[in-house]
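Only one structure is covered here, and it is reproduced in the block below.
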Amino acid sequence: MTAAPKMRNIGPKSAAWLRQVGLRTHEDIAAIGTVEAFMRVKRAGFKPTLNLLYAIEGALLDCHWQEISDERRQELILAAEAATALLPAPRNKPAAAPVHTTMHAEERHDDASAYDGGSAAHDDDDASGGDERHGDQDGEERHD
1 MTAAPKMRNI GPKSAAWLRQ VGLRTHEDIA AIGTVEAFMR VKRAGFKPTL
51 NLLYAIEGAL LDCHWQEISD ERRQELILAA EAATALLPAP RNKPAAAPVH
101 TTMHAEERHD DASAYDGGSA AHDDDDASGG DERHGDQDGE ERHD
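The numbers in full-length UniProt numbering rise by one with no breaks, and the one at position 68 of the sequence shown is 68.
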């Protein structure tokens with residue numbers, strides 16, 4: 001089995017998406033059109049950008065995607081938006097929203113005392129009183 005010839009403007013990731021939705025050749029895409037090819041990728045759950053839309057159009061016209069006129073780009077965008085509006089809402093998943101990170105005041109550790117329980121004096125007690133203090137905790141003196 002021979003691989004389909006590489007299409008202009010279509011990189012490896014886009015080619016993989018198109019293959020996964022059954023569009024393997026230039027003829028496959030030409031038969032359904034730019035917007036429908038884009039929508040098949042979108043409906044499959046991938047997250048294509050408008051660059052894929054322009055790349056597909058460029059592949060069909062055999063030109064670089066940046067050579068597509070602004071008027072044609074606007075037509076493609078409007079058609080893709082209209083088709084996207086007809087898609088059902090995702091099931092069992094809330095709509096995606098921007099992610100914000102919030103730092104609460106008690107989560108901040110700006111000073112060193114936050115790491116040692118808030119008492120720097122505690123470390124001094126252990127260093128100065130060491131073994132002598134622990135030796136007579138049970139009330140007995142050792143006489144060797």
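Positions of the beta carbon are idealized from the N, C-alpha and C atoms, including for glycine. In this text, all values refer to a predicted model and were calculated from it rather than measured experimentally.
Taking 8 Å as the upper bound for CB-CB distance, R8 and V21 are not in contact here, some 19 Å apart.
Per DSSP, T101 lies in no alpha helix (DSSP H) segment and is marked neither H nor E. Between I10 and A44, the C-beta gap is not smaller than 8 Å, which leaves the two residues out of contact.
Residue range 50–61 is occupied by the alpha helix (DSSP H) that includes I56. Under the DSSP assignment, T84 falls in the alpha helix (DSSP H) whose first and last residues are 70–85.
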